[in-house]
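To start, the structure under review is shown below, and the notes come after it.
Residue numbers (our numbering): 1271 to 1373.
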């Protein structure tokens, strides 16, 4: 419990360091570093989840990259650090599947 509280406080402190605007528009070196690590991790987790959910081995990386880009463009680093909401992720996934159909 104490460890969870410490990690939560650390995450909130780091989030406070970011400008609060969309992560992709930030000039902060912390924010840029976070985005640079967030995008590939998000794509890998999204790809794995999409394949598991669909029961296929299709390549969802373009769709997942699109979702990551939309999150980065519209969410602050603090919001990305705490995890994108399921609602935002679903909305962006729907848009990205329409933009980049997977066959």
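From the three backbone atoms N, C-alpha and C, an ideal C-beta is built for every residue, glycine too.
Owing to the predicted nature of the structure, the values given are computational and were not obtained by experimental measurement.
Does the beta-carbon of residue 1340 have 16 or more other beta-carbons within 10 angstroms, so that it is buried, or is it exposed?
-> Locating residue 1340 in the chain shown gives position 70, where the first residue counts as 1. By the neighbour-count rule (16 or more Cβ atoms within 10 Å), residue 1340 is buried.
Residue 1347 - containing alpha helix (DSSP H), residue span: For this step, residue 1347 is matched to residue 77 along the chain shown. Segment 1347-1351, the alpha helix (DSSP H) holding residue 1347.
Three-state class that DSSP yields for residue 1356 in the structure shown: Taking the first residue of the chain shown as position 1, residue 1356 is located at position 86. If DSSP states are grouped into helix, strand and coil, residue 1356 belongs with the helices.
- Message: Tell me the residue span of the alpha helix (DSSP H) that contains residue 1308.
- Response: Position 38 of the chain shown holds residue 1308. Note, residue 1308: alpha helix (DSSP H), 1299-1324.
Buried/exposed call for residue 1301, threshold 16 Cβ in 10 Å:
The residue labelled residue 1301 in the question sits at position 31 within the chain shown. Result: buried.
For residue 1328, which three-state DSSP category applies?
Counted from its first residue, the chain shown places residue 1328 at position 58. Note: residue 1328 maps to coil in three-state DSSP.
* Asked: residue 1314 and residue 1337: beta carbons closer than 8 Å?
  -> Position 44 of the chain shown, counted from the first residue, corresponds to residue 1314. Position 67 of the chain shown, counted from the first residue, corresponds to residue 1337. For residue 1314 and residue 1337, no; Cβs fall outside 8 Å.
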